[in-house]
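Terminal number for the sequence shown in my numbering: 142, no gaps in between.
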Amino acid sequence: MLPADLAQVHALETLCYSSPWSMSSFRYELENRDAILLVALYGGRIIGYVCVRTILDMTHLLNVTASPEFRRQGIGSILLHDAFNELKKKKPGAKITLEVRQSNAAAISLYEKFGFRVTGNRKGYYQKPDDDALLMEMTLTG
Ligand SMILES: CC(C)(COP(=O)(O)OP(=O)(O)OC[C@H]1O[C@@H](n2cnc3c(N)ncnc32)[C@H](O)[C@@H]1OP(=O)(O)O)[C@@H](O)C(=O)NCCC(=O)NCCS
1 MLPADLAQVH
11 ALETLCYSSP
21 WSMSSFRYEL
31 ENRDAILLVA
41 LYGGRIIGYV
51 CVRTILDMTH
61 LLNVTASPEF
71 RRQGIGSILL
81 HDAFNELKKK
91 KPGAKITLEV
101 RQSNAAAISL
111 YEKFGFRVTG
121 NRKGYYQKPD
131 DDALLMEMTL
141 TG
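Listed below in structure tokens is the structure:
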């Protein structure tokens, strides 16, 4: 992800979430050297993105999003695969954590395929609509 991608990324974010990240949140992550941000491109158009950031000994999967028309075609998987490969080079054996809406079956299934397991929950973590969060974790191997 480059600064020039921010307008397209933010437009997709606004389309996909009821409480989207602001443009400045993406800019903050882009400027953070402990963050990895990638975009998926189709004919020059951004159809997905991922953001992970390492804080001390823990890496957080902060955002992974695929454009609605391109879902279930492997975009989310490719983004996670490439981000985790890059992370492996920087931080072998990294521990990765995330929060996900308990109702988000698509994302939970994607994360389970990557080896994430539920380690806890946070009641009332999300609004618009109200929902609990599941906490998931995995450790990069190989
Ligand atoms: C979650 C999300 C990123 C998945 O992206 P995607 O490109 O559709 O995912 P993939 O095509 O790589 O799917 C990989 C696996 O995820 C699971 N999955 C994806 N969409 C699913 C759905 N609608 N229902 C159930 N499982 C689903 C499946 O296990 C799938 O494997 P399969 O197709 O072999 O069954 C996408 O649905 C999305 O952008 N959702 C809105 C944003 C969001 O909720 N992001 C996660 C929270 S930050």
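Glycine included, each C-beta is placed from N, C-alpha and C at the ideal position.
DSSP on residue i, reduced to helix/strand/coil?
i           : result
residue 2   : coil
residue 27  : helix
residue 123 : strand
residue 148 : Residue 148 cannot be examined here, being either before or after the span of the chain that is shown, 1 to 142.
Give me the residue from the options with the minimum Cα distance to residue i.
i           : options           : result
residue 49  : 140, 10, 111, 73  : 10
residue 134 : 91, 110, 104, 140 : 104
residue 114 : 121, 92, 141, 126 : 141
residue 106 : 3, 73, 6, 95      : 73
residue 35  : 25, 43, 123       : 25
residue 54  : 2, 8, 92          : 92
residue 137 : 4, 118, 89        : 118
residue 139 : 84, 125, 110      : 84
residue 152 : 94, 124, 5        : Nothing can be reported for residue 152, as the shown portion of the chain is limited to 1 through 142.
residue 5   : 44, 116, 87       : 44
residue 87  : 1, 120, 109, 51   : 51
residue 46  : 33, 124, 13       : 13
Open item on the list: Check whether the segment 68–77 and the segment 18–25 touch, using three or more Cβ-Cβ pairs below 8 angstroms as the test.
Closed with: no
- [ ] Mind listing which residues have their beta carbon within less than 6 angstroms of any non-hydrogen atom of ligand 1? Chain order is fine.
- [x] 16, 63, 64, 65, 66, 71, 72, 73, 74, 75, 76, 77, 100, 104, 105, 106, 107, 109, 110, 113
TODO: Counting only runs of 4+ residues fully inside the segment 35–107, write out the alpha helix (DSSP H) ranges in chain order.
DONE: 75–90
Open item on the list: Measuring CB atoms only, is the segment 75–93 touching the segment 35–50, in the sense that at least three cross pairs come out at less than 8 angstroms?
Closed with: yes
Task: contact_flag[the segment 53–65, the segment 92–103] where n(CB pairs < 8 angstroms) is 3 or more - done: yes
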